Structure formats: C-alpha cells, structure tokens
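Protein chains: 2
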Amino acid sequence: MEKKNNITPFEKDIVKWYSDLVLKSDLVSYAPVKGTMFFKPHGFAIWNNIIKIVNNEFEKLEVEEVQFPLLIPQSFLEKEKKHVEGFAPEVLKVTNAGAKRLAEPLIIRPTSETLFGKYFEENLKSYSQLPVKLQQWVNVLRWENNTRPFLRNSEFFWQEGHTIHATAEEAHEFTKEVFKLYEKIANEILLLPVIAGEKTVSERFAGANNTYTIETILKDGQALQSGTSHYLSDNFSKAFNIKVQNKDNKLFNPYQTSWGISTRLIGAIIMEHSDNKGLILPSKIAPIQIAILTLFGNKNPKVLEVAKELNKKLNFKIKLDNSDRGLGYKSQEWELKGVPIRIEIGPNELDENKVTISLRNFDDKIQYNLNEIDDQFILKLLDKHDKKIYDEAVKIRESKKVEITSVDQIQTIVDNGQYGFAYWIENADAEKQIKTNTGATIRCLIDAEKEGQDIINSKPTKKIAVFSRAY
Amino acid sequence: MEKKNNITPFEKDIVKWYSDLVLKSDLVSYAPVKGTMFFKPHGFAIWNNIIKIVNNEFEKLEVEEVQFPLLIPQSFLEKEKKHVEGFAPEVLKVTNAGAKRLAEPLIIRPTSETLFGKYFEENLKSYSQLPVKLQQWVNVLRWENNTRPFLRNSEFFWQEGHTIHATAEEAHEFTKEVFKLYEKIANEILLLPVIAGEKTVSERFAGANNTYTIETILKDGQALQSGTSHYLSDNFSKAFNIKVQNKDNKLFNPYQTSWGISTRLIGAIIMEHSDNKGLILPSKIAPIQIAILTLFGNKNPKVLEVAKELNKKLNFKIKLDNSDRGLGYKSQEWELKGVPIRIEIGPNELDENKVTISLRNFDDKIQYNLNEIDDQFILKLLDKHDKKIYDEAVKIRESKKVEITSVDQIQTIVDNGQYGFAYWIENADAEKQIKTNTGATIRCLIDAEKEGQDIINSKPTKKIAVFSRAY
Numbered sequence: 002m003e004k005k006n007n008i009t010p011f012e013k014d015i016v017k018w019y020s021d022l023v024l025k026s027d028l029v030s031y032a033p034v035k036g037t038m039f040f041k042p043h044g045f046a047i048w049n050n051i052i053k054i055v056n057n058e059f060e061k062l063e064v065e066e067v068q069f070p071l072l073i074p075q076s077f078l079e080k081e082k083k084h085v086e087g088f089a090p091e092v093l094k095v096t097n098a099g100a101k102r103l104a105e106p107l108i109i110r111p112t113s114e115t116l117f118g119k120y121f122e123e124n125l126k127s128y129s130q131l132p133v134k135l136q137q138w139v140n141v142l143r144w145e146n147n148t149r150p151f152l153r154n155s156e157f158f159w160q161e162g163h164t165i166h167a168t169a170e171e172a173h174e175f176t177k178e179v180f181k182l183y184e185k186i187a188n189e190i191l192l193l194p195v196i197a198g199e200k201t202v203s204e205r206f207a208g209a210n211n212t213y214t215i216e217t218i219l220k221d222g223q224a225l226q227s228g229t230s231h232y233l234s235d236n237f238s239k240a241f242n243i244k245v246q247n248k249d250n251k252l253f254n255p256y257q258t259s260w261g262i263s264t265r266l267i268g269a270i271i272m273e274h275s276d277n278k279g280l281i282l283p284s285k286i287a288p289i290q291i292a293i294l295t296l297f298g299n300k301n302p303k304v305l306e307v308a309k310e311l312n313k314k315l316n317f318k319i320k321l322d323n324s325d326r327g328l329g330y331k332s333q334e335w336e337l338k339g340v341p342i343r344i345e346i347g348p349n350e351l352d353e354n355k356v357t358i359s360l361r362n363f364d365d366k367i368q369y370n371l372n373e374i375d376d377q378f379i380l381k382l383l384d385k386h387d388k389k390i391y392d393e394a395v396k397i398r399e400s401k402k403v404e405i406t407s408v409d410q411i412q413t414i415v416d417n418g419q420y421g422f423a424y425w426i427e428n429a430d431a432e433k434q435i436k437t438n439t440g441a442t443i444r445c446l447i448d449a450e451k452e453g454q455d456i457i458n459s460k461p462t463k464k465i466a467v468f469s470r471a472y
Numbered sequence: 002m003e004k005k006n007n008i009t010p011f012e013k014d015i016v017k018w019y020s021d022l023v024l025k026s027d028l029v030s031y032a033p034v035k036g037t038m039f040f041k042p043h044g045f046a047i048w049n050n051i052i053k054i055v056n057n058e059f060e061k062l063e064v065e066e067v068q069f070p071l072l073i074p075q076s077f078l079e080k081e082k083k084h085v086e087g088f089a090p091e092v093l094k095v096t097n098a099g100a101k102r103l104a105e106p107l108i109i110r111p112t113s114e115t116l117f118g119k120y121f122e123e124n125l126k127s128y129s130q131l132p133v134k135l136q137q138w139v140n141v142l143r144w145e146n147n148t149r150p151f152l153r154n155s156e157f158f159w160q161e162g163h164t165i166h167a168t169a170e171e172a173h174e175f176t177k178e179v180f181k182l183y184e185k186i187a188n189e190i191l192l193l194p195v196i197a198g199e200k201t202v203s204e205r206f207a208g209a210n211n212t213y214t215i216e217t218i219l220k221d222g223q224a225l226q227s228g229t230s231h232y233l234s235d236n237f238s239k240a241f242n243i244k245v246q247n248k249d250n251k252l253f254n255p256y257q258t259s260w261g262i263s264t265r266l267i268g269a270i271i272m273e274h275s276d277n278k279g280l281i282l283p284s285k286i287a288p289i290q291i292a293i294l295t296l297f298g299n300k301n302p303k304v305l306e307v308a309k310e311l312n313k314k315l316n317f318k319i320k321l322d323n324s325d326r327g328l329g330y331k332s333q334e335w336e337l338k339g340v341p342i343r344i345e346i347g348p349n350e351l352d353e354n355k356v357t358i359s360l361r362n363f364d365d366k367i368q369y370n371l372n373e374i375d376d377q378f379i380l381k382l383l384d385k386h387d388k389k390i391y392d393e394a395v396k397i398r399e400s401k402k403v404e405i406t407s408v409d410q411i412q413t414i415v416d417n418g419q420y421g422f423a424y425w426i427e428n429a430d431a432e433k434q435i436k437t438n439t440g441a442t443i444r445c446l447i448d449a450e451k452e453g454q455d456i457i458n459s460k461p462t463k464k465i466a467v468f469s470r471a472y
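Here the protein sequences line up with chains A and B, keeping their order. Under this note's numbering, the first residue of the first sequence is numbered 2, with each subsequent residue one higher. Under this note's numbering, the first residue of the second sequence is numbered 2, with each subsequent residue one higher.
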C-alpha cells in the first residue's frame, strides 16, 4: 500500500538525505543562480510563521519595522575598516545600469550596518530621541562557494535589527536582551536546544566589540550558527560621524547594537528534527498543523460531513484531504511534509463515532471518540508531539558532546562527528592553529559552573570553549 | 499656540508640497543611492497594512505566497524578445563577486516573469497540477532618471503575482478577476476612485497580449498607473518551453498571467488625499487610527486614568500621547502624520464627563459624553472621515476631466493640468504622434455607454481613450 518516498536514509548519506528532504517535501527547488532558491509555498509559510512569532516578541521590546535599500555605495562599506575586510570577499557588485556604466559601483547589501549608520547620522540630533530600535525583514546576498539550501545560501532572508542608545551600558544590555530572546525562541518555539555563548575575538562580527551567538548542534555533530547579537559600541557611530547632543548640549557618539536570525533556522529545524519519512516540524511554525484524511470521503457523505465539521470546529491550521487516494498515500504525503497530527476518518469507525489519530513522531495510531476532539485536546497532542521533538534534540546534542582535556583530542572528536568542551582562556594563536589543523572552530565561550584548567597553559579559568566543525 | 509645520502649500508648489509631506510626516528619508529611500516606521506600517488587506483578498482566490530569487541570469531575460526590449535599458547588472568577475552577468530583477517561467518549466508535468497561482511581496529595481519618493523609485516594493492555467480562457478570466479586485481595493480601501481600463497595444506590458490597468488622476491632473494585470497568453510558456501533458497525454504550452501593485499606491494616497496640514490617510491603512491627547496628563492622575481606560476599551490602533507638550503641538503632530481621529482629554471637561473629538479632515471639534465612546461610535466616525476622503477624490477626478472632440485640444488640456476622454479606435501612429507632440499618453481604453466618433477618422466606436500626462 505504501509507495516509497525515495528519501535517502540519513544513516546512509546525511547530505543526500537533507537535500532529498528539502526538495521532496516541497520547501524549495533550486534556482538558476548558484546558491539561490525558489522558496515554495510550503517552505515560505514556515518562514512567515517564524516572522509572525518573532515580530510579536520584538514588539514588546518596542522595536519598530523599517525597510532600507538593497544597494549600498561601495565607499560606505569602506568606512569601517574591519567591516569592509570581513565582507569584501563575498559582496556582489553592480557596475552597470542598462548599457551605462555607473559612476560608483554599488554593493548589494551583505548586511546593513553602513546604511543604518548613515540613517542615524542624518536623523538624530539629540539624546532625547534615543534609544531608536529598528528592524527589517529583508533579503541579503553573500557570494558563497559551497552552498546548501537554507544552511548556506548566496541569497538568504533574515531579521536584521539595529539599535542606537545614549549609553554604552544600555546598548550592551540590549545586545544581551536580544541574545536571551533568541535563545528562548530557539528553545521554546523552534525546539532547538541551542548552546548560547559569546564569540571569541577572532570569531566576532566584523566591527563588533562583542558577539553573542546561539549555536545548534546538528545530527552530524557539526554546529550551525543560528542567531547572533552584536554590541557595536561606538565603532560605526564614529565611522559614520553620528553625533547627538547630550543634556549639556555637548556632542557625543552614541552606542549601537545589531542582531539577526535568518532562514538558516529552517535548515537547523530540518536537519535536527526530521527523519527518513520526511519533515518533522515544531507545531507552532508548521504551515499545516492537522491533516484530516478521509477514506472514501467522496463517496460517503457522512464521512465528508464529519471531516468538514471537524475542520470548522478546530481552530488550527488544517488541511482537509478528501482526495481519492488511499489512506496510505495520503498519510505518507502529510508525513513527508511534517504535519504534526493526522486524523483519519473512515465509514466503519464512524459507525462507532470514532476516528483514528496519529502524531508525526510517534508510531502508534490511536482511536478516539469523536466527541473528545476539541481545541484543548489538540493542544495536548501538539504538546506531546513538541516535547518529544525537543527531547530528541537534547539527546542528539548530549550524545555528541565530549570533554576535552588536551588539544590532541580535537582532531579525533570532530572526525567522529562530535564536538567538545574545553576550559579556555582567549588565545587567538592557539585557536587559529587548531582551526588550521583540524577544521574545528570555537563556536562560543560559555561560563563554567566550576573553575578548571585552560587546556593550553593549564591556567585557571571559568570559561569553557565549545569546539566543533561548523556549517 | 500653533507652531508652523513648514509644509509648502500645494497651491504654491505641488512638487515641493509633496516632498515636504513625505519627509516631514516621517514616511521616508532619502537614501544614498539615487531613487532609493529609507522607509521609516510610519511609512512602512502603511505598506504592511496594505499587504495584510491585500493578502486576505488573494487568499480567497487561492493564491499562495512564495519568494523567488533577486538575481536572474542575463540570458533568461533575453528569452522573451519583447520582454528584454522593454526592460533592458533600466536593469542593474551584477558583474563581480568580491574581486572576481562572474562568468555570466546577473540582472537584479526588474520583474520576475522569467524566473517564474523557469520554475513552471521545471515543476509542472501534467494539466492536473493546474492552475498554479503564486505571488510574492518583494523589492524590484529599475534604474530611473527622474525619481520621486513612492511615485518613481529605482527600488520599489510590490506584490508580484504569477499564475498558469490549462486554458487561454481561464487565464484571461483570472487576469480580469485580479484587475477587478485591484479596482475594488483601490476604491474601497485606499479611497482612490481610479479609472479602470485596458492598455493600448503600445502601452502594454512587454510580453503581454492584454494589460488591464487602474489609473489614479492626481491633484495635478496627471495620471498614476496604480496597478496592472497582464494576460500573457502562451508567450512566456513558449519562450521557456513550459510543456505539460493534457488528458490525452499530449504536450501543450499552458497560459499565464502576471499582475502587480506597488508602493506607488502610497504615492497616490499621499498626493490625492493630503492637504497643507499633512497626511490624510484612509482609516483602514492608517498606522495610527486614534490619537488620545491628554492635557496635563502627567500632572493630573484622573486625566491619565481616563486616557488609559479609553486606550484599553477601544479596539483600534491607538497612540496615547501623554507628553508635556501643549494640545496645539500634539494635535499638529498627529494631523501631520494623518491620524484620522483625535480625542482630547482635559481636566475641566472631565468634570462634566466629556472629551473633545476632531476628525483629521473636518474643521470642527465636537464634545462628546465619555460614555458614548465605544467601538461602534468610532467606526461611525471613521466612516464619516473615509467617505469625505473618497468624495473629495471623486471631485478632483471629475474637475480635471474634459471631453475631447479634436486632437488639437489635447495640448491645452494637459498644459492646464487636466485630462481628457476621446472616442478612439486603436491607432498606434496617431497615439505616438500625440505623445511626441503633447507628452500625453493613452492611460487606458474604457467602454463608452453610447457609440461615438473616433477623433482621428470619425469612424464609429464604443471605446474611449483616456489621455493625460503621467508619472
């Protein structure tokens, strides 16, 4: 009865499994320009759901939405020294309009710190206007060599936030507030048990004093940077000559933050939660939360009527599949697409006023009395579904974790598809050497519960570095 | 008491009035690249409101949302002959990634027919998959010489729809259905009494068999193309070799439509409805629908309490302005920003349980008993406010209208800031000559109630051409 879904098992080839998944579940298809994609309805609905939830949280922080230009004069990018060094190799350059050569080349935004710098310079006069908290949901472009849908794209979509504050303390506090919010959204909504910490000096955003990051450990033991929040201090404010008057009418450079999450999150969700039958999606971002599948619905008015009533009664995103296909085929399609709950309605069961319910990530099918099924009942099932997703992800994260006591271990650990924790004192040379030798980077520094010995110089420290290969 | 708002009166200089308005009401500010803008929170909120309302309507037509790439290989644009001719002069070309030259130049989308062509070619096999109805809300770029915020930008934002159908009839019908919906949204939501008709052959979209348009007549008598819907027949389907099987397993090229509305609509709204005090915004898209202004609210707990209660009680988008400024200043700010209703709360009036209400586009201030004010009451006021906006726009449109009986009149009409109706039979040569001589174009052809005589050859026709200068 079941048709094979043709997804390569992830135990066999995780790279192929991942690309089979995103293509066959109708999230995206490849577009003609390398690293870009056709974001299809089922995929884009996930992103739209994430946007809605995130916007709701950022409204509480009084962040306002704007939309700034795609194009940046090349000279702008060059104003902040570290910034241009960080982005120059991957920016796309526009040189012509029609047949005419432009006077100055234009850069397609890889990020928009420079435009926000210009904007703040022109629009701010006094401390009384501060803080200003802005965000935009836009496309950005960074030319990449090795691209994979969602995980690494030349064009991707993101939330890009920029704020400006009267004091360094307030700006730094806000940086951390956004960081904590990202951690919360990852854990509670996306069901990604991320590791949250601070980047080392060498891994910071180009132009930031501090970069805070959430990192997801994926099924293959590699880390995916899943959201960052940067404290920019007055670096851009000085580079862009943003000056505002303080209470005593003296001019000063205010303090900035920037932060972002992107469509990479969808990559993290797919890779972390899904299985060989297809997508498994957290219920809060699933485009379809319930699939109601009828058996002979087209030939049996009673079945169809009950299906329609249920569709009307339940306040969730529902797909009513009344097609002529067999229940096996239908189940397989909605499993592939990551629908959390399937409700099967057939004539025999209905005689006893019963329907059969399956959750996407549990094997059993359970009969319920039709009268039991209401919003509260569904919510409980979704909680059960989501809890299992999260627990499994924690299991993956913990199963890949190794304590590192000596640098020599790192090569073996990352070769084994694991990641490691090591007591660490900032040491850019050692960090660089490890990266060159093993491909592992420090994803972030986190606070240890107890003091330990730095693995390079055996000096005491309460910081732990998380080493892994990364996307 | 009133501070001057420094907006140039439109009777004096309509161009300056318009730019004063968009800048001082905080909709946008100019960005560094010509023709691009910083879309500020107050401006972007209008666009977001339009998106929500439009999406709601298009869901009913079963249109799904996607997001396709920004970049198009140059060779794609060249596949449809008329299409490339239409867009080649204004496309922006990406030639470099970092320091490296790209193998093939990439075009920043001026529109996305070619990408949708490719997508349909790759994703469609059988007639049973049809129709497919897709839309995206994206930025597009067309390099322009004379730019003005919203009215003509190098980067603008739009809804871009693309559908594909099994039969020519169905596709053409859908083209007209979207056209009718655009007309309805313009009239009922944006309060723009547009002229709706079909483009002449020479004014069609590059690659379309039919283009339907809604045109707004602005305060200066010029027309603004405010939304278009194109029947593409099988032109792109052939150019992109889109082939699907029919019921008899034979291959055929399906039929397409495309359509769009853009941030130009915001330009139309501003220019058409606003006055010398600032913006006047249709209530359904106003970012703030009610401003509650307190007098001495910070010093008078009773005033503040009532303001907060009202804020909580009313289910509208409300700004509670409890700042220390005088009521005159506050009123002026929210008038400038186009807030439909202002509710002033002061201590003396409160002793009698009264507040004062003004509508943005009426001169009188009226006292109401506090108890009267509920959602129903506000809705009635908003209706009154909106009805007057629409009536005034109809008045403008009608006051600029002239019946043309001879070609010689056209120059005078457009020089007078008017537009004209003329009986017309398609005649590309005459149309071109009028355009060259007078700057007037045929905005669209509409159906006449009665037959009349074509102004060129005096032949009978039931078609009327609308002549005007245009943005």
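Just so it is clear, CB atoms sit at the ideal spot from N, CA and C, and this is done for glycine as well. Note that the structure is predicted; figures quoted are calculated from it, not measured.
Where does residue i land, buried or exposed, given buried means 16+ other C-beta within 10 angstroms?
i	result
glycine 367 (chain A)	Note that residue 367 (chain A) corresponds to isoleucine in the displayed sequence, not to glycine. Classification of isoleucine 367 (chain A): exposed, given that the 10 Å Cβ count is below 16.
valine 16 (chain A)	exposed
glutamate 399 (chain B)	exposed
alanine 429 (chain B)	exposed
glutamine 226 (chain B)	buried
glycine 339 (chain B)	buried
serine 129 (chain A)	exposed
glutamate 3 (chain A)	For glutamate 3 (chain A), the predicted structure reports a pLDDT of 44, less than 50, and the residue's modelled location is therefore unreliable. The matter cannot be settled from this model.
glycine 208 (chain A)	buried
isoleucine 470 (chain B)	Reading off the sequence, residue 470 (chain B) comes out as arginine, not isoleucine. Under this definition arginine 470 (chain B) is a buried residue.
alanine 98 (chain A)	buried
lysine 101 (chain A)	exposed
glycine 329 (chain A)	exposed
alanine 187 (chain B)	buried
In three-state DSSP terms, what is residue i?
i	result
valine 202 (chain A)	helix
proline 106 (chain A)	strand
asparagine 242 (chain A)	coil
lysine 345 (chain B)	A small fix is needed here, since residue 345 (chain B) is glutamate in this sequence, not lysine. Glutamate 345 (chain B): strand per DSSP, three-state reduction.
isoleucine 289 (chain B)	coil
asparagine 124 (chain A)	helix
threonine 112 (chain B)	coil
isoleucine 190 (chain B)	coil
methionine 2 (chain A)	Because methionine 2 (chain A) carries a pLDDT of 39, less than 50, the predicted location of this residue cannot be relied on, and no value is offered for it.
glutamine 130 (chain B)	helix
aspartate 27 (chain A)	coil
Rounded to the nearest angstrom, how far is the Cβ of residue i from that of residue j, given a contact under 8 Å?
i	j	result
proline 42 (chain A)	valine 67 (chain B)	6 Å
leucine 192 (chain B)	histidine 274 (chain B)	7 Å
lysine 156 (chain B)	leucine 72 (chain A)	As written in the sequence, residue 156 (chain B) is glutamate, which differs from the lysine given in the question. Rounded, the Cβ-Cβ distance is 7 Å, consistent with contact.
threonine 264 (chain B)	tryptophan 159 (chain B)	7 Å
Can a CB atom of chain C be found closer than 8 Å to the CB of residue i?
i	result
glutamine 160 (chain B)	The chain labelled as chain C is not found among the protein chains of the depicted structure, namely A and B.
Following a CB-centred definition, is residue i positioned closer than 7 Å to any heavy atom of the ligand NAD?
i	result
threonine 96 (chain B)	Among the ligands in the structure shown, none appear at all, so the ligand NAD cannot be discussed.
message = I'd like to know if the segment 446-459 of chain B and the segment 418-427 of chain B are in contact, where contact means that at least 3 CB-CB pairs between them fall below 8 Å.
response = Yes, the segment 446-459 of chain B is in contact with the segment 418-427 of chain B.
ask   = Can you list, in chain order, the stretches of the alpha helix (DSSP H) that have 4 or more residues and sit fully within the segment 374-461 of chain B?
value = If we require 4 residues or more, the alpha helix (DSSP H) runs fully inside the segment 374-461 of chain B come out as 376-400, 410-416 and 429-439.
query = Between the segment 432-440 of chain A and the segment 17-24 of chain B, do three or more beta carbon pairs fall short of 8 Å?
reply = As far as the Cβ criterion goes, the segment 432-440 of chain A does not touch the segment 17-24 of chain B, which means the pair count is below three.
Cβ contact (3+ pairs, closer than 8 Å) linking the segment 30-49 of chain A and the segment 100-118 of chain A = Contact between the segment 30-49 of chain A and the segment 100-118 of chain A is absent, because fewer than three Cβ pairs lie under 8 Å.
inquiry  = Would the segment 176-188 of chain B count as touching the segment 138-155 of chain B if we require 3 or more Cβ pairs under 8 Å?
reply    = They do not touch, by the three-pair rule.
ask   = Within the chosen definition, does the segment 255-265 of chain A reach the segment 227-238 of chain A through at least 3 CB pairs nearer than 8 Å?
value = Contact holds: three or more Cβ-Cβ distances are below 8 Å.
key: Cβ pair count under 8 Å reaching 3, the segment 237-251 of chain B against the segment 289-303 of chain B   = Taking 8 Å as the limit for Cβ pairs, the verdict is that the segment 289-303 of chain B does not touch the segment 237-251 of chain B.
inquiry  = So within the segment 136-192 of chain B, which uninterrupted beta strand (DSSP E) runs reach at least 3 residues, ignoring any that extend past its ends?
reply    = Secondary structure remark: continuous beta strand (DSSP E) runs of at least 3 residues inside the segment 136-192 of chain B, in chain order: 156-166.
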